[in-house]
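**Q** Just so it is clear: in the sequence shown, position 335 is 335 by full-length UniProt numbering, and no numbers are missing. Just so you know, even glycine gets a beta-carbon here, dropped at the ideal spot from N, CA and C. Fair warning: this is a prediction, and the values are worked out from it, not measured in the lab. Pasting a structure below so you can have a look.
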Amino acid sequence: MSTALWDPANLLQISYETHVPGAPIFCVGESRSRLDNPRCRYTIPEPDYSRIRTTLVHLASKDPEDVEREALHTLAFLCLCDGYHKPQAKDVTDRWVRIVGQAAAQQQQQRKGHSRGSSSASMSDWWDPSSELFPRPSNTQQGRGQVAGSSKKLEEELAAATAELKECKAKADKEVESLQGELSSLRNLLTEAKERESESSAGTSAVKGERDKLVDGMQKLRNELLEANKERQRLETDNSHLKAKNSSTGEELHRVRKDLVVATERAQHLESECSRVNEELSAVRAEAMDLGKKNSLILNAIRAMEAERDAARDDHRKVAIELAEQKRLFTALQHEFQSLQLVKSGHQQGNAVSWHRRLLAWISKFRMHAVLLLSLSIIELSRRELTR
């Protein structure tokens, strides 16, 4: 963005609020039909605001001595209302050329003073109207408070505009009535002048001059009456535009209220869903606590079963040791039996019958005892396995 070197908006008296978004830009023309040629009170159409601001930024980026008459003429044509003061573009351009020339002369004097050694600020310290002519857009906000605030603001603006329109209409009606009274008085004066002209031929030239003045005044009054009627029509048109804008704003407010109702219902539904989920979560937590208790009981039972299993393993080891011992005894008995058979074969001739009977009896007893012990061991192991 170019750096601004001067402030054409204020210097040319175009508007002192061009940096405010939506601020009106008034016509720079003069109402020459009124006393002291007051400035026009009409506003420039809004579609021309962007071109006016762009032109001001372009002029502010130049030195006043480099500003061309064509640029000032274009700006003057944009800053004059369409209905009445477009023909004053040349006069406004001449006035602005003089003002810009004076600003250029002052700037040259300041530069000469700076060149002599006086302390001066750099060109970057000059005022930059571009930051005010093009304000940064603000972030949009949503919610119920913003809708109510915007609605209230629009209603206040509509009420203020309506009051201003009524006041302007009343003023215009009063001006029309006063102009009509003056017109009637001028007509009476004209009638009296005509009667005097018929009565006195000596003052004909003087009466004619007075009549011409009265005719000019009446023409001016007619022009002012036309301007007042046009202003009243313009105010009525603005009033209709404001009514249309109010209706569109009301429709938008109604739509926003519907959206707010839908959002409220959605929030209530979400709250009910949240409460239901909380209830389910509490039930799940209670069930988890019950499962935890059951799990602790199962863990205790598992620990008890493990203890019993360890005890059964110890018993199994003891029984295995006993069984091994019995097997060893059985093996010893077999060896002894074999030795006895050898002894039997040695002493077979002497007392074969008696010794053989006693040996068979002893072997039968030994077998019975061994079988009994083995059966008891097997029964004890089976009982422990079943208990496990």
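Enumerate, from N- to C-terminal direction, the unbroken alpha helix (DSSP H) stretches of 4 or more residues contained entirely within the region 5-62.
**A** 8-11, 49-60, all fully within the region 5-62.
**Q** Please classify Asp82: does DSSP put it in a helix, a strand, or coil?
**A** Translated into positions along the sequence shown, residue 82 becomes position 82. Looking at Asp82 - three-state DSSP - the assignment turns out to be coil, as it is neither helix nor strand.
**Q** Looking only at its own chain, which residues have a Cβ that is under 8 Å from the Cβ of Ser377, when we skip the five neighbours before and after it?
**A** Within the sequence shown, numbered from 1, the residue matching residue 377 stands at position 377. Excluding residues within five positions, the ones whose Cβ falls inside 8 Å are Val319, Glu322, Leu323, Gln326.
**Q** Beta-carbon separation of Leu179 and Met218 under 8 Å?
**A** Taking the first residue of the sequence shown as position 1, residue 179 is located at position 179. Taking the first residue of the sequence shown as position 1, residue 218 is located at position 218. Not closer than 8 Å, so no.
**Q** Leaving out five residues before and five after Asp238 in sequence, what residues of the same chain have Cβ atoms less than 7 Å from its Cβ?
**A** On the sequence shown, residue 238 is found 238 positions in, with the first residue counted as 1. Closer than 7 Å at Cβ, skipping near neighbours: Leu165.
**Q** By the three-class DSSP mapping on this structure, what secondary structure does Val343 have?
**A** Mapped onto the sequence shown, residue 343 falls at position 343. Helix, per DSSP.
**Q** Do you know how far the Cα of Ala170 is from the Cα of residue 389?
**A** This structure gives no information on residue 389, because the portion of the chain shown stretches from 1 to 388.
**Q** In three-state terms, what does DSSP make of Val67?
**A** Taking the sequence shown and counting its residues from 1, the one referred to as residue 67 is at position 67. The answer is coil: DSSP assigns Val67 none of H, G, I, E or B.
**Q** Could you give the DSSP three-state label for Ser119: helix, strand or coil?
**A** For this step, residue 119 is matched to residue 119 along the sequence shown. In this prediction, Ser119 has a pLDDT of 42, which is less than 50 and means its spatial position is unreliable; nothing more can be read from the coordinates.
**Q** What residues in its chain sit with their C-beta under 7 Å from that of Ala304, if we drop five residues either side in the sequence?
**A** Taking the sequence shown and counting its residues from 1, one reaches residue 304 at position 304. Excluding residues within five positions, none has a Cβ falling inside 7 Å.
**Q** Looking only at its own chain, which residues have a Cβ that is under 7 Å from the Cβ of Glu385, when we skip the five neighbours before and after it?
**A** In the sequence shown, residue 385 corresponds to position 385, counting from 1. Nothing listed; no residue qualifies.
**Q** Going by alpha carbons, who is nearest to Tyr84 out of Asn10, Glu224, Ile379, Gln341?
**A** Along the sequence shown, one-based indexing puts residue 84 at 84. Nearest of Asn10, Glu224, Ile379, Gln341 to Tyr84, Cα basis: Glu224.
**Q** Using the rule of at least 16 other Cβ atoms within 10 Å of the residue's Cβ for burial, across every protein chain shown, is Ile14 buried or exposed?
**A** To locate residue 14, count along the sequence shown from 1; it is residue 14. Flag for Ile14 reads buried.
**Q** What would DSSP say about Pro129, mapped onto helix, strand or coil?
**A** Reading the sequence shown from its first residue, position 129 is the one you call residue 129. Since pLDDT at Pro129 reaches only 39, below the 50 mark, its modelled position is unreliable, and the value read off the structure follows with that caveat. It is coil, neither helix nor strand.
**Q** With 16 other CB atoms within 10 Å as the buried threshold, where does Ile44 fall?
**A** Working through the sequence shown from its first residue, we reach residue 44 at position 44. So Ile44 ends up on the buried side.
**Q** Among the residues of its own chain, which have a CB less than 7 Å from the CB of Val97, if the five just before and after it don't count?
**A** Position 97 of the sequence shown, counted from the start, is the residue given in the question as residue 97. Taken in chain order, the residues that qualify are Arg69, Leu72.
**Q** State yes or no: is the C-beta of Leu78 within less than 8 Å of the C-beta of Asp48?
**A** Residue mapping note: residue 78 aligns to position 78 of the sequence shown, counting from 1. Residue mapping note: residue 48 aligns to position 48 of the sequence shown, counting from 1. Against a cut-off of 8 Å, the Cβ pair of Asp48 and Leu78 comes out as a contact.
**Q** Might you give, ordered along the chain, the residues of its own chain that have their beta carbon closer than 6 Å to the beta carbon of Cys168, omitting 5 neighbours on each side?
**A** Residue mapping note: residue 168 aligns to position 168 of the sequence shown, counting from 1. Excluding residues within five positions, the ones whose Cβ falls inside 6 Å are Leu235.
**Q** Just to confirm, is the Cβ distance from Leu360 to Leu340 under 8 Å?
**A** Locating residue 360 in the sequence shown gives position 360, counting from the first residue. Locating residue 340 in the sequence shown gives position 340, counting from the first residue. Not in contact: Leu360 and Leu340 (Cβ atoms no closer than 8 Å).
**Q** Determine the closest residue to Ala159 out of Leu242, Asn37, Asp63, with distance taken between C-alpha atoms.
**A** As a first step, residue 159 is located in the sequence shown; it is residue number 159 there, counting from the start. Comparing Cα-Cα distances from Ala159 to each of Leu242, Asn37, Asp63, the minimum goes to Leu242.
**Q** Which residue wins for smallest C-alpha separation from Glu231, given the options Ala286, Leu374, Asp173?
**A** Here residue 231 refers to the residue found at position 231 when the sequence shown is read from its first residue. Here the closest residue by C-alpha is Asp173.
**Q** Can you find the residues in the same chain that come closer than 7 Å, C-beta to C-beta, to Ser31, ignoring five residues on each side of it along the sequence?
**A** In the sequence shown, residue 31 corresponds to position 31, counting from 1. The residues are Asn37, Pro38, Cys40.
**Q** Within its chain, find whatever has a CB closer than 7 Å to the CB of His369; leave out the 5 residues flanking it on each side and keep chain order.
**A** On the sequence shown, residue 369 is found 369 positions in, with the first residue counted as 1. Nothing listed; no residue qualifies.
**Q** So, is Gln88 buried or exposed, given that buried needs 16 or more other C-beta atoms within 10 angstroms?
**A** On the sequence shown, residue 88 is found 88 positions in, with the first residue counted as 1. Result: buried.
**Q** Note down, in chain order, each residue of its chain lying with its Cβ closer than 7 Å to the Cβ of Pro64, except the 5 sequence neighbours on either side.
**A** For the purposes of this step, residue 64 is taken as residue 64 along the sequence shown, with counting starting at 1. Around Pro64: Trp6, Val100, Ala103, Ala104, Gln107.
**Q** Considering Cα atoms alone, identify which of Gln109, Thr74, Asp82, Gln110 is closest to Thr93.
**A** The residue given as residue 93 occupies position 93 in the sequence shown. Per the Cα distances, Thr74.
**Q** Would you mind working out which of Leu329, Thr249, Leu342 sits nearest Phe366, comparing C-alpha positions?
**A** The residue given as residue 366 occupies position 366 in the sequence shown. The shortest Cα separation from Phe366 among Leu329, Thr249, Leu342 belongs to Leu329.
**Q** Buried or exposed: Val28, going by 16 or more other Cβ atoms within 10 Å of its Cβ?
**A** Position 28 of the sequence shown, counted from the start, is the residue given in the question as residue 28. With 16 or more other Cβ atoms within 10 Å, it is buried.
**Q** For Glu175, collect the residues of the same chain with a Cβ closer than 7 Å to its Cβ; drop the 5 residues on either side in sequence, then sort them by chain order.
**A** If you number the sequence shown from 1, residue 175 lands on position 175. Correct list, in chain order: Ala228.
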